[in-house]
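Let me begin by presenting the structure, written as structure tokens, before commenting on it.
In my numbering, the protein residues as written are 1301 to 1703.
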């Protein structure tokens, strides 16, 4: 009775019963999955081997080329020459005349050498042709001695010479190719370096510039810095305007006693939205300064820097890796779907599938290219510290205020 009463008035609920997985069921599922994976690998390897063996043509079916089939089988079938060529006559003419009663072997006709019958006296060329042949050969020797290692494209090919039936009278003087020239820099970079070296300098050793007095007592000279903080942020997707507020008083450069830019003055500027690949800094310029009393000054696009003096501002950069990965995934799925097919399809189905594969591959390539062409997005949040680098003298009216 007491136990029943205690159970009725117990405030805590009963502990939940822990349910565990059956080890036998886990082992069975693991073994089944491993068997399926092994069968899939085996089927894939067998299918690839069978298709490769079926696509490989038999070696015995290969036929020799027409040129090899028409070629002579041995040296006995080579055609014989039966007359003296003009070149042989020219070579014979270049040498001195032999003594009387003696005959040189190379002056006899080829037909007599080969024992093909009595030789007929060849119709030798005239003296003018022999002289012209000597001149051509001498010109070719000189050109060969003076030629360089690399030949130019202007040299005639053998087929052109065979068609014209003569030898080119122009010397085959080679020209060094651009790849063989010293230096691996592109021509544009080389030209720029040469222009930098050849830039004319000043002939005078004394500078013509002279000291210029300041534009007034209330002047903020070049090299000064105006500290500020952004009021509005910027995002490089679109061009736009930015505003900032001066965070410290700025005094004149001569005496340092006249307050020129009080704390709280406003700055108006612009930022560049043309972002290149890999760029992390946003370029901005300041165009106008508005003082608290309503007066304003044109800043003529003074550059904006970070607190360290580096050009531009760097805060957050979005390279759109998510879009690139999605485009790559879509391209991969399209390529896999295009390659899916069976080798047993007929010719029409294979042609349609091949055309679809080409179109899908081009579409996937364009999708990835567009994703890669998207420039990074630069974001500068409000409140980011910024500096105005004064590059020309700014003349203010004397305010008469002292620190």
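Each residue gets a CB set at the ideal place from its N, CA and C atoms; glycine is no exception. No experiment lies behind these values; they were computed from the predicted model shown.
DSSP state of residue i mapped onto helix, strand, coil
| i | result |
| --- | --- |
| residue 1543 | strand |
| residue 1570 | strand |
| residue 1687 | strand |
| residue 1317 | coil |
| residue 1555 | coil |
| residue 1667 | helix |
| residue 1532 | coil |
| residue 1525 | strand |
| residue 1537 | coil |
| residue 1615 | coil |
| residue 1682 | coil |
| residue 1502 | coil |
| residue 1520 | strand |
| residue 1428 | helix |
| residue 1336 | helix |
| residue 1653 | helix |
| residue 1491 | helix |
| residue 1590 | strand |
| residue 1596 | strand |
| residue 1636 | helix |
| residue 1609 | coil |
| residue 1510 | coil |
| residue 1726 | Given that the chain is displayed from residue 1301 to residue 1703, the structure contains no residue 1726 and the question cannot be resolved. |
| residue 1694 | strand |
| residue 1577 | coil |
| residue 1674 | coil |
| residue 1404 | Confidence is the limiting factor: at residue 1404 the pLDDT is only 47, short of 50, which leaves the residue's position unreliable, though a coordinate-based value still follows. In this structure, residue 1404 counts as coil in the three-state DSSP scheme. |
| residue 1583 | coil |
Separation of residue j from residue i, as counted between CA atoms
| i | j | result |
| --- | --- | --- |
| residue 1655 | residue 1617 | 41 Å |
| residue 1432 | residue 1444 | 18 Å |
| residue 1662 | residue 1344 | 28 Å |
| residue 1630 | residue 1580 | 28 Å |
| residue 1560 | residue 1697 | 8 Å |
| residue 1555 | residue 1510 | 23 Å |
| residue 1619 | residue 1648 | 44 Å |
| residue 1303 | residue 1315 | 18 Å |
| residue 1607 | residue 1683 | 13 Å |
| residue 1672 | residue 1666 | 10 Å |
| residue 1596 | residue 1532 | 20 Å |
| residue 1650 | residue 1668 | 27 Å |
| residue 1338 | residue 1324 | 21 Å |
| residue 1331 | residue 1653 | 38 Å |
| residue 1374 | residue 1489 | 59 Å |
| residue 1340 | residue 1621 | 34 Å |
| residue 1514 | residue 1507 | 20 Å |
| residue 1496 | residue 1505 | 20 Å |
| residue 1440 | residue 1370 | 35 Å |
| residue 1527 | residue 1624 | 39 Å |
| residue 1611 | residue 1691 | 13 Å |
| residue 1491 | residue 1500 | 15 Å |
| residue 1434 | residue 1442 | 12 Å |
| residue 1452 | residue 1493 | With a pLDDT of only 46 at residue 1452, under 50, the local geometry of the prediction cannot be trusted, and the value read off the model is given with reservation. Distance between the alpha carbons of residue 1452 and residue 1493: 28 Å. |
| residue 1336 | residue 1342 | 10 Å |
| residue 1321 | residue 1327 | 11 Å |
| residue 1636 | residue 1539 | 41 Å |
| residue 1658 | residue 1346 | 28 Å |
| residue 1482 | residue 1498 | Unreliable placement is indicated for residue 1482, whose pLDDT of 47 sits below 50; the coordinate value is still reported in the next sentence. Rounded to whole angstroms, residue 1482 to residue 1498 spans 20 Å at the Cα level. |
| residue 1329 | residue 1319 | 19 Å |
| residue 1613 | residue 1677 | 13 Å |
Rounded distance between the beta-carbons of residue j and residue i, thought under 8 Å
| i | j | result |
| --- | --- | --- |
| residue 1525 | residue 1689 | 6 Å |
| residue 1541 | residue 1568 | 7 Å |
| residue 1519 | residue 1552 | 6 Å |
Contact check, residue i vs residue j, beta carbons under 8 Å
| i | j | result |
| --- | --- | --- |
| residue 1599 | residue 1583 | no |
| residue 1660 | residue 1604 | no |
| residue 1536 | residue 1573 | yes |
| residue 1675 | residue 1577 | yes |
| residue 1664 | residue 1694 | no |
| residue 1615 | residue 1679 | yes |
| residue 1571 | residue 1602 | no |
| residue 1558 | residue 1517 | yes |
Same chain, Cβ closer than 7 Å to residue i, five either side skipped, listed in chain order
| i | result |
| --- | --- |
| residue 1566 | 1543, 1545 and 1590 |
| residue 1563 | 1546, 1547, 1548 and 1549 |
Same chain, Cβ closer than 8 Å to residue i, five either side skipped, listed in chain order
| i | result |
| --- | --- |
| residue 1670 | 1627 |
| residue 1362 | Low per-residue confidence applies at residue 1362: pLDDT is 49, beneath 50, and the placement is therefore not dependable enough to give any value. |
| residue 1313 | none |
| residue 1317 | none |
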